[in-house]
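The numbering used here numbers the first residue of the sequence shown as 27 and each following residue consecutively.
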Amino acid sequence: MSDHVYRITEIVGSSHEGVDQAVRNGIARASQTLRNLDWFEVTQVRGQIENGNIEHWQVGLKVGFRLDDED
């Protein structure tokens with residue numbers, strides 16, 4: 027097994043449904059443009075309140091992805 031080098035980027039996923047869906051939306055979108063996604067870390071959770079109800083969730087994420095090996 028070779029050694030790997032990782033890069034970390036920060037993204038924000040959002041959803042009207044909840045925290046889990048906000049994470050899934052963020053990862054799904056990041057996977058469209060980033061290769062070798064290996065892990066994520068939730069760094070923030072926040073939401074929008076309207077008329078006393080939670081209307082929207084935002085989740086800050088750090089996403090780790092493996093850099094391509096040099097051949």
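Each residue gets a CB set at the ideal place from its N, CA and C atoms; glycine is no exception.
Computed from a predicted structure; not experimentally measured.
Exercise. Is R61 buried or exposed, if buried means 16 or more other CB atoms sit within 10 Å of its CB?
Worked result: It is exposed - the Cβ of R61 has fewer than 16 other Cβ atoms within 10 Å.
For this session: Classify V85 as buried or exposed, calling it buried when 16 or more other Cβ atoms lie within 10 Å of its own Cβ.
Result: buried
For this session: Just mark W65 as buried or exposed, buried being the case when its beta carbon has 16 or more other beta carbons within 10 Å.
Result: exposed
For this session: Out of V49, G44, Y32, V31, state which residue places its alpha-carbon closest to the alpha-carbon of V38.
Result: Here the closest residue by C-alpha is V49.
Exercise. Of the residues D95, I53, N77, N79, which one's Cα is nearest the Cα of L87?
Worked result: The residue with the shortest Cα to Cα distance from L87 is I53.
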